[in-house]
Amino acid sequence: MDGKTLSFVRASEEDAPLLSRLRQRMWATTYRGIYPDEEIDDYDYAVHEARDLARLRDPAYRIFLVKDGEESVGYFGLRCGETLYIQSLYFLPEYRRRGLGRRVFDLVKSCAAEQGRNSFCCSCNAHNEPALAFYRAMGGRAVSEDLGHENRQEDQIGFVFPVNE
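Residue numbers for the sequence shown follow my numbering, beginning at 25 and rising by one.
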């Protein structure tokens, strides 16, 4: 990854199967030990593809593929409503810790500022330590916790990020 061929491309309805496949790959490398093994090993591509397709058709959502040349190496989604909300931020393992997340945040901050927003939000699995560290490094302030579920997949921490700091 040299940074010159990286781009963010708005996903289309035809990308729903790709999003589902990418998510499974990322879950397998990120959430093993957090999500139940059957959620990863018996991943239901059709269910996830249908969810992605619904989001792609919903005007409140914008999903972007992260491309290295022609290869899709991750994606992120934005839900635009009363609050601007990052809905999913996934990169393949070999693309993590290389500045892509920072580039996504720069884009989201720019979008928020253009819309006259002072902040944006996201949530993160409470057991995903690398992601929690990243969100804190990006200036995120934890504003909510939903912890203690029997299924650790459901434990979440909500963050808010200032736009102009």
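Yeah, the Cβ is synthetic: ideal placement off N, Cα and C, and Gly gets one too.
At the level of alpha carbons, what is the spacing between Gly125 and His72?
In the sequence shown, the residue the question calls residue 125 occupies position 101. In the sequence shown, the residue the question calls residue 72 occupies position 48. If you take the alpha carbons of Gly125 and His72, they lie about 23 Å apart.
Kindly indicate which three-state DSSP category Ala35 falls into: helix, strand or coil?
As a position in the sequence shown, residue 35 is number 11, starting the count at 1. Residue state, collapsed to three classes: coil.
Just to confirm the assignment, what range does the alpha helix (DSSP H) spanning Gln48 have?
As a position in the sequence shown, residue 48 is number 24, starting the count at 1. Segment Ala40 to Thr54, the alpha helix (DSSP H) holding Gln48.
By the three-class DSSP mapping on this structure, what secondary structure does Arg86 have?
Reading the sequence shown from its first residue, position 62 is the one you call residue 86. Looking at Arg86 - three-state DSSP - the assignment turns out to be strand.
Enumerate in chain order the residues of its own chain whose CB-to-CB distance from Thr190 is below 6 Å, with the five nearest sequence positions on each side excluded.
Outside the displayed span of the chain (25 to 189) sits residue 190, for which this structure offers no information.
Would you mind reading off the limits of the alpha helix (DSSP H) that contains Tyr109?
Taking the first residue of the sequence shown as 1, we reach residue 109 at position 85. No alpha helix (DSSP H) contains Tyr109, which is instead part of the beta strand (DSSP E) from Leu108 to Phe115.
Arg160, DSSP secondary structure in three states:
Counting from one through the sequence shown, the residue named residue 160 turns up at place 136. Three-state result, Arg160: helix.
Please return the same chain residues whose Cβ sits closer than 6 Å to the Cβ of Gln111, not counting the five positions on each side in sequence.
Within the sequence shown, the letter at position 87 stands for residue 111. Cβ neighbours of Gln111 beyond the five flanking positions: Gly101 and Arg103.
Would Ala155 and Leu171 be called neighbours here (beta carbons separated by less than 7 Å)?
Here residue 155 refers to the residue found at position 131 of the sequence shown. Here residue 171 refers to the residue found at position 147 of the sequence shown. In this structure, Leu171 does not lie closer than 7 Å to Ala155 by Cβ.
Tell me the residue span of the beta strand (DSSP E) that contains Gly182.
Position 158 of the sequence shown, counted from the start, is the residue given in the question as residue 182. First-last of the beta strand (DSSP E) with Gly182: Gln180 to Pro186.
What first and last residue would you give for the beta strand (DSSP E) that runs through Asp170?
Walking along the sequence shown from the start, residue 170 turns up at place 146. Run containing Asp170: Arg165 to Asp170, per the beta strand (DSSP E) assignment.
Please name the residue or residues paired with Lys91 in a DSSP beta bridge.
Along the sequence shown, one-based indexing puts residue 91 at 67. According to DSSP, which records beta bridges pairwise, Lys91 is partnered with Ser31 and Ser96.
When burial is assigned at 16 or more other CB atoms within 10 Å of the CB, is Ser31 buried or exposed?
For the purposes of this step, residue 31 is taken as residue 7 along the sequence shown, with counting starting at 1. If you draw a 10 Å sphere on the C-beta of Ser31, you find fewer than 16 other C-beta atoms in it, and that means exposed.
What distance in whole Å lies between the Cβ atoms of Ser143 and Val259, which are believed to be in contact at a cut-off of 8 Å?
This structure does not reach residue 259, given that the chain is present from 25 up to 189, and the question cannot be answered.
Among Arg79, Arg49, Ala84 and Arg86, which residue has its Cα nearest to the Cα of Asp16?
The question about residue 16 has no answer, for the chain in this structure spans 25 to 189.
Given Glu37, which residues of its chain have a CB within under 8 Å of its CB, disregarding the five upstream and five downstream residues?
Locating residue 37 in the sequence shown gives position 13, where the first residue counts as 1. Only residues of its own chain outside the window of five on either side were considered, and among them Leu77, Leu80 and Arg81 have a CB closer than 8 Å to the CB of Glu37, listed in chain order.
In the DSSP assignment, what are the bridge partners of Asn149?
Start at 1 with the first residue of the sequence shown, and residue 149 comes out as number 125. Paired residues: Gln180.
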